[in-house]
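Working notes, structure below.
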Amino acid sequence: MTHPEVGVVGGAAVPHAPQFFTLPETEDADQVARIEQTMRAMGRRLLELRPDAVVVIANDHLENFVLQVVPSFTVLRGPVAKGSFAGREFAWPVHSDAATRLVMELQGAGFDPAVSLNAPIGYEFGIPLTFLGLPADTPVIPIFVNSYVPPQPSPDRCYEFGKALHRSAAALGLRLVVVASGGLSHYPGTDRYSDPDLETDRAILARMEQGNLRSLLSFDERALDQTGNVEARSWLMLAGALGERVPTEVAMEPSWHHNYAMVCWDSSKPQPEQEPLHYPVPRADQLPFYEALYELRSDPEACRAWLADPASVADRYDLEDGWREAFMALDEEAIRDAGVHPLLGFLARLNVDLARRESARNAAVASDGARR
């Protein structure tokens, strides 16, 4: 599997806990330093993909969307993504042209995200952009997803948005890196704040490490809430955008209130080759081989003719040498190795065996009758 040339060419899923900036005494400073070091290395590899822009998907923490309007998805299209938190000011230029064109493509794909020219960004954007080490001149496209204020977009809708984002970027010839900000399990403001669901998060990462990103769709809205993973909506959007790609790095740093998970997809490692299908797509150039096997699979008379003289049946079809030999021997292994659907070879041989047994029974009956 190769990396795409356009569309979403890479991405990362990273945490954005406010404690990374505030560093209260309750936090492990060494752990935060390790997290920043891991994310900074990820950021360097993502920039090596030469993206036209970095899309950051994060959830609003009631800064912008709680009273007047709460859109499922909002695209900030410029000119600057800026905000502040805990005494830190941050600002990155928005790729306004790309953001606008993406919105128009998404509308054509059945999504109608809200747009904003000046919505301030909070630590949910500032922390990942800072910890990833993105230079201040890196073009970004912030996308807000409503994770906390019901009714939120469903996991399916988030995943499909990600797919549409990739297709839209590819149609526009854009190279995008997508960063999903948030998660994994934590329960801010609730009585479960000190009890993140480590077991669920480990299971999530184990499946994602294998490239099974669609596994996130096993969570419905209630499951996201109950496991402390409402912010995983950004991960679902990233999963849809990436497809079933194996990550190059997976890291987990559990804390007393938050399971800090970091996953990266870049080009530092080739995507592993997929195992061949047990039941392959029939190839057009193998039609004569398929027709020959299908005759045995469906016509008892052809099976009897094959038992009498396999070559005479093979002569009915334009079979290449290797195919002809496999057909005349009904060698199932050779048929499979040729890339032919194995069930067809199996059933052809089954019918020939039935014809052989029937012929043997008829011969036995005839012999018994002659003796009488």
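Residue 170 in the working numbering sits at position 90 of the sequence shown; the count goes up by one each step and never skips. Where a beta carbon is used, it is the ideal one built from N, C-alpha and C, also for glycine.
Beta-carbon spacing of residue i, residue j below 8 Å
i           : j           : result
residue 91  : residue 260 : yes
residue 267 : residue 308 : yes
residue 224 : residue 292 : no
residue 382 : residue 376 : yes
residue 242 : residue 182 : no
residue 431 : residue 380 : yes
residue 202 : residue 165 : yes
residue 281 : residue 194 : no
residue 152 : residue 233 : yes
residue 248 : residue 185 : yes
Inter-residue CB distance, residue i and residue j (contact presumed, cutoff 8 Å)
i           : j           : result
residue 415 : residue 258 : Going by Cβ atoms, the distance from residue 415 to residue 258 rounds to 44 Å, so no, they are not a contact pair.
residue 299 : residue 230 : In fact, because the Cβ distance is near 16 Å, the residues do not count as touching under 8 Å.
residue 123 : residue 214 : 6 Å
residue 155 : residue 226 : Contact doesn't hold; Cβ gap of about 13 Å is too wide.
residue 458 : residue 200 : A query on residue 458 cannot be resolved here, the shown segment of the chain reaching from 81 to 452 and no further.
residue 125 : residue 346 : 4 Å
residue 113 : residue 189 : The Cβ separation is near 41 Å, so there is no contact.
residue 198 : residue 265 : No, residue 198 and residue 265 are not in contact; Cβ-Cβ is about 33 Å, not under 8 Å.
residue 228 : residue 343 : At roughly 22 Å, the Cβ-Cβ gap does not stay under 8 Å, so residue 228 and residue 343 are not in contact.
residue 239 : residue 323 : Actually they do not touch by this definition, with Cβ atoms about 11 Å apart.
residue 93  : residue 318 : 6 Å
Exposure of residue i, with buried meaning 16 or more beta-carbon neighbours within 10 Å
i           : result
residue 219 : buried
residue 388 : exposed
residue 135 : buried
residue 327 : buried
residue 210 : buried
residue 222 : buried
residue 356 : exposed
residue 50  : Nothing can be reported for residue 50, as the shown portion of the chain is limited to 81 through 452.
residue 398 : exposed
residue 425 : buried
residue 391 : exposed
residue 325 : buried
residue 187 : exposed
residue 401 : exposed
Where the alpha helix (DSSP H) through residue i begins and ends
i           : result
residue 178 : 176-188
residue 340 : Residue 340 -> not in any alpha helix (DSSP H); beta strand (DSSP E) instead, spanning 339-345.
residue 118 : 109-127
residue 201 : Residue 201 -> no alpha helix (DSSP H), and no H or E assigned at all.
residue 263 : First-last for residue 263: undefined, no H or E at that position.
residue 367 : 367-378
residue 278 : 278-289
residue 242 : 235-251
residue 394 : 390-394
Residue span of the beta strand (DSSP E) that contains residue i, given as start and end
i           : result
residue 162 : 160-165
residue 307 : Careful: residue 307 lies outside any beta strand (DSSP E) and carries neither H nor E.
residue 171 : 168-173
residue 333 : 329-334
Chain C contact for residue i (CB, 8 Å cutoff)
i           : result
residue 222 : The structure shown contains no chain C, having only a single protein chain.
For the region 205-217 against the region 158-175, are there 3 or more C-beta pairs whose distance is under 8 Å?
yes
Measuring CB atoms only, is the region 367-375 touching the region 112-124, in the sense that at least three cross pairs come out at less than 8 Å?
no
Report yes or no: do three or more beta-carbon pairs, one from the region 379-398 and one from the region 321-336, lie closer than 8 Å?
no
When you compare the region 174-187 with the region 238-253, are there three or more beta-carbon pairs, one atom per stretch, that lie closer than 8 Å?
yes
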